[in-house]
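There are 2 protein chains.
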Amino acid sequence: MRTVNSEKAISDVEQKCADRGIRLTRRRKEVLRTLVLAESALSAYEIAEQCNADSNDPMPAMSVYRILDFLRDQQFVHRLETANKYISCSHLSCGHDHAQSQFLICNECRKVEEIDFSSEAFSVMEKAASAAGFSSISPQLEVRGLCDSCEIN
Amino acid sequence: MRTVNSEKAISDVEQKCADRGIRLTRRRKEVLRTLVLAESALSAYEIAEQCNADSNDPMPAMSVYRILDFLRDQQFVHRLETANKYISCSHLSCGHDHAQSQFLICNECRKVEEIDFSSEAFSVMEKAASAAGFSSISPQLEVRGLCDSCEIN
DNA sequence: CCATATAAGATATAATGTATCTTTTACACT
DNA sequence: AGTGTAAAAGATACATTATATCTTATATGG
Numbered sequence: 129m130r131t132v133n134s135e136k137a138i139s140d141v142e143q144k145c146a147d148r149g150i151r152l153t154r155r156r157k158e159v160l161r162t163l164v165l166a167e168s169a170l171s172a173y174e175i176a177e178q179c180n181a182d183s184n185d186p187m188p189a190m191s192v193y194r195i196l197d198f199l200r201d202q203q204f205v206h207r208l209e210t211a212n213k214y215i216s217c218s219h220l221s222c223g224h225d226h227a228q229s230q231f232l233i234c235n236e237c238r239k240v241e242e243i244d245f246s247s248e249a250f251s252v253m254e255k256a257a258s259a260a261g262f263s264s265i266s267p268q269l270e271v272r273g274l275c276d277s278c279e280i281n
Numbered sequence: 129m130r131t132v133n134s135e136k137a138i139s140d141v142e143q144k145c146a147d148r149g150i151r152l153t154r155r156r157k158e159v160l161r162t163l164v165l166a167e168s169a170l171s172a173y174e175i176a177e178q179c180n181a182d183s184n185d186p187m188p189a190m191s192v193y194r195i196l197d198f199l200r201d202q203q204f205v206h207r208l209e210t211a212n213k214y215i216s217c218s219h220l221s222c223g224h225d226h227a228q229s230q231f232l233i234c235n236e237c238r239k240v241e242e243i244d245f246s247s248e249a250f251s252v253m254e255k256a257a258s259a260a261g262f263s264s265i266s267p268q269l270e271v272r273g274l275c276d277s278c279e280i281n
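Residue numbers (the numbering used here), protein chains in the order written: chain A, 129 to 281; chain B, 129 to 281.
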């Protein structure tokens, strides 16, 4: 599934970088491609491992961290805080911004879905937060659960 | 604030352990007390450090992990997945169960509030999840934000 | 008092992440 | 093309969080 539009996603990112006047270097593209092609979220070290499997030019884990910082700044990649893993943004080819991101994470198969909670859901949460003394809350949310196919088994 | 009812909370936990036929050993009580008295969530190593400051009987970090497993099983303590820290349950003295727990975490001062989202909020989230192919989701939720006093500054 | 199970101690090591300094590369300008 | 500058990448060290495993101690029931 994820491979179908992966090349398009990457060239769209290249375009965005050009527009923003920043560089999508070979190394950065390597990391991005690894994440775009990945079936699931990957740890930084898994990304390095994958890059090293794909080419003979060794990718040090420390570079992966720096590159992830860059890709996250640009919102091409998200960090799953509850999993210590990284995943490519599911909106790489969209024109608009995606500062918001909510993730559903399957505890069984580790599948991750990036979704948009309704503003209704969000305002309900904000109300509860506000009552507890938190006036501003982050729109990044990670919800653990079971995906439908793992639910069945 | 947290110190006011801390001794009561601990003796309530002792009672619960007696009821459940499990042991709240000296070591376990040490860890629990440290968390109950803490102003904020603590890492496992911070807990060990604190225990070691409080007594001359050294608490190894590895014991802390084991004890945290126990305390979490019993729902006396929660793990904040986004922070890799631990916090005592805010319902230690309640009679009923608290499998559910939602946390507001201040990104600035690290203050944590344990709250109960309305079932309304929850059903809105469940609906969104279900549309994305997740039929069951965990009630533990960690929401990052700014508490009111950090908001002002 | 002894057997057994549970808890704790001890040690090693894995996994994840940050700090820092050096070297290389890209790019603008001459 | 040559050079200066800034960004990126490489390299190394180390900090933090966590798990695995084996041994020793302690509590409890018979």
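Using N, Cα and C, we set each Cβ at its ideal position, and we do this for glycine too. All of these numbers come straight from a predicted model, not from anything done at the bench.
Query	Result
Three CB pairs or more closer than 8 Å across the segment 165-175 of chain B and the segment 187-194 of chain B	yes
Cβ-based burial, I150(A) [other Cβ within 10 Å; buried from 16]	exposed
Cross-chain neighbours of S266(B) in chain A, by beta carbon under 8 Å	N235, V271, R272 and G273
Boundaries (first-last residue) of the alpha helix (DSSP H) holding C179(A)	A172 to D182
Buried/exposed call for L224(B), threshold 16 Cβ in 10 Å	Checking the sequence shown, residue 224(B) turns out to be His, not Leu. Per the 10 Å Cβ criterion, exposed.
Proximal residues to C237(B) (C-beta, below 6 Å), its chain only, five neighbours per side dropped	C278
Cβ separation of E209(B) and T210(A), assumed to be a contact under 8 Å, to the nearest whole Å	4 Å
Separation of E242(B) from C253(A), as counted between CA atoms	Reading off the sequence, residue 253(A) comes out as Met, not Cys. Each residue's alpha carbon lies about 13 Å from the other.
Local conformation of K213(A) per DSSP, three classes	strand
In chain order, each beta strand (DSSP E) run of at least 3 residues that lies wholly inside the segment 203-274 of chain A	205-208, 213-216, 230-234, 240-243 and 262-265
Segment limits, alpha helix (DSSP H) that includes R194(B)	A189 to D201
For R115(A), the nearest candidate out of L220(A), S263(A) and A181(A) (CA to CA)	Coverage of chain A is limited to positions 129 through 281, which leaves residue 115(A) absent and any answer about it impossible.
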